[in-house]
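Numbering (the numbering used here), first residue to last: 1074 to 1554.
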């Protein structure tokens, strides 16, 4: 099949200081790893062509398709609170953009197609610009699981092997490239890049571009900030409702569109505890599970600082308005969080005591080392009690929950099943898939991906529903760059 992608590259039409034009660096022996056929069809692309020789060559970086305009985007960022004025795509290249069919499930939306692991760029900072198969598989599995769970996210369209080793920590590992899809790859750090250079013209161009692409109703800088704040409040509430920990919430890893981006040391909790950290580089727990809402506010404050020069008002008034917009995150997040956790308890009405009921369960889960996913799913299946070390503590809460549920409409079990997934991409399963792929066996990767595509409807005896045994627990995750 002939590969055809109808590119329409709006970002490449921005001024040259927004990016560095750069072709992918070819590899020795491109090989197929995976193609997301459903996503390809939704984008109006031919999955067979993507899986064919031309598609594999494109994903690996050996073929630049007609109409593509490869480039590495410029951005800056705060990394663990430390400022870096120039980061940029060090191992990623934006091939271009496509517009999904108007009559399809993506309703004419515009998307980036970006390669990750496609070779060095001017922003590589002495890195090799490559990726090994581990982080490619991790991002493929977790991003697609997030999409199936209904969370705004970048997506994995395809992946290829390179036939070349990548050296990481003294080990030679098989190389791979990911082709991912995003509403855009514009980050808080993209605004910071131009703000740090006092490039008011570029800030204005970028703000208008983001408004037109993501928030067309936002006619002023404050409205643009308000839209970004609302999108992040919803996103973080969804993360929290799934026990998801991003692990590296730097400003260069926060997409202004409100999508989850840059799956590095990400992980889902097994046993619940609010201070859970997995990332090997988060030594002080800056990005722990419970800290994610506050970090989102911190990042949004950096975005507000970048937008302030665009306010058409005196500085003091502009600062006051921007501060109020950022502080609005707290109420928006609390509303979204309560709505999500009410749904997880099967509640559709609102009562004053609901927050206390939710927090009482979470407290008992933390004290009882209860598995996050299995406990909430167990509310639908009558097995939640089994997840607690102190089952008596759960019993007391269960009585209160049943009394609250009695005041709700019928159909609680169906609502519980719809709100609480039966499976998540558990760390040990992802690591099993990676370890097998290193040896050339992709069967565990494909089996896990297939199971995660229907996370709310999985057989009770599926092995992917099981929590890890003690010797299977994965306590540290790595960026893999």
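Think of the CB as a built atom: it goes at the ideal place given N, C-alpha and C, for glycine as much as any other residue.
Ends of the alpha helix (DSSP H) at residue i?
i: residue 1333; result: Note, residue 1333: premise wrong, no alpha helix (DSSP H); not H, not E.
i: residue 1604; result: Outside the displayed span of the chain (1074 to 1554) sits residue 1604, for which this structure offers no information.
i: residue 1561; result: Look at the range of the chain in this structure, 1074 to 1554, and you will see that residue 1561 is not part of it.
i: residue 1348; result: Run containing residue 1348: none; DSSP gives neither H nor E here.
i: residue 1503; result: 1500-1511
i: residue 1469; result: 1464-1478
i: residue 1368; result: 1365-1380
i: residue 1084; result: Residue 1084 -> no alpha helix (DSSP H), and no H or E assigned at all.
i: residue 1461; result: First-last for residue 1461: undefined, no H or E at that position.
i: residue 1456; result: First-last for residue 1456: undefined, no H or E at that position.
i: residue 1263; result: 1261-1269
i: residue 1097; result: Counting along the chain, residue 1097 falls outside any alpha helix (DSSP H), and DSSP gives it neither H nor E.
i: residue 1517; result: 1516-1525
i: residue 1489; result: 1485-1492
Using 8 Å for Cβ pairs, my map puts residue i next to residue j. What's the rounded Cβ distance?
i: residue 1500; j: residue 1550; result: 7 Å
i: residue 1496; j: residue 1538; result: 5 Å
i: residue 1275; j: residue 1088; result: 7 Å
i: residue 1198; j: residue 1216; result: With 8 Å as the limit, residue 1198 and residue 1216 do not qualify as a contact, their Cβ atoms being about 24 Å apart.
i: residue 1206; j: residue 1246; result: 7 Å
i: residue 1260; j: residue 1324; result: 7 Å
i: residue 1132; j: residue 1250; result: 6 Å
i: residue 1347; j: residue 1363; result: 4 Å
i: residue 1262; j: residue 1149; result: 5 Å
i: residue 1586; j: residue 1413; result: Only positions 1074 to 1554 of the chain appear in this structure, which leaves residue 1586 out of reach.
i: residue 1084; j: residue 1167; result: 7 Å
Less than 8 Å between CB atoms is the rule here; does residue i satisfy it with respect to chain C?
i: residue 1267; result: As a matter of chain content, chain C is missing from the structure shown, which is built from one protein chain.
I need the DSSP call for residue i, collapsed to helix, strand or coil.
i: residue 1546; result: coil
i: residue 1076; result: coil
i: residue 1414; result: helix
i: residue 1538; result: helix
i: residue 1166; result: strand
i: residue 1209; result: helix
i: residue 1278; result: helix
i: residue 1107; result: strand
i: residue 1089; result: helix
i: residue 1344; result: strand
i: residue 1203; result: strand
i: residue 1172; result: strand
i: residue 1291; result: coil
i: residue 1102; result: coil
i: residue 1318; result: strand
i: residue 1122; result: helix
i: residue 1141; result: coil
i: residue 1328; result: strand
i: residue 1444; result: strand
i: residue 1224; result: coil
I'd like the span of the beta strand (DSSP E) that includes residue i, first residue to last.
i: residue 1239; result: 1228-1241
i: residue 1156; result: 1155-1157
i: residue 1189; result: 1183-1189
i: residue 1151; result: 1150-1152
i: residue 1092; result: 1092-1094
i: residue 1247; result: 1244-1255
i: residue 1145; result: 1144-1146
Buried or exposed: where does residue i fall if 16 or more other Cβ atoms within 10 Å of its Cβ makes it buried?
i: residue 1406; result: buried
i: residue 1287; result: buried
i: residue 1075; result: exposed
i: residue 1178; result: exposed
i: residue 1535; result: exposed
i: residue 1185; result: buried
i: residue 1480; result: exposed
i: residue 1344; result: buried
i: residue 1156; result: exposed
i: residue 1265; result: buried
i: residue 1472; result: exposed
i: residue 1399; result: buried
i: residue 1533; result: exposed
i: residue 1319; result: buried
Is there contact here, the region 1277-1285 with the region 1236-1255, by at least three beta-carbon pairs under 8 Å?
-> no
Three CB pairs or more closer than 8 Å across the region 1088-1106 and the region 1137-1146 | yes
Looking at C-beta atoms only, is the number of pairs between the region 1421-1431 and the region 1391-1400 that lie closer than 8 Å three or more?
-> no
For the 8 Å Cβ check, are there 3 or more pairs between the region 1232-1243 and the region 1301-1314?
-> Not touching, per the Cβ criterion.
Three or more C-beta pairs below 8 Å linking the region 1348-1359 and the region 1318-1337 | yes
Sufficient close CB pairs (3 or more, under 8 Å) joining the region 1358-1371 to the region 1291-1300 | no
Touching or not, the region 1157-1164 and the region 1096-1106, by the rule of three or more beta carbon pairs under 8 Å?
-> no
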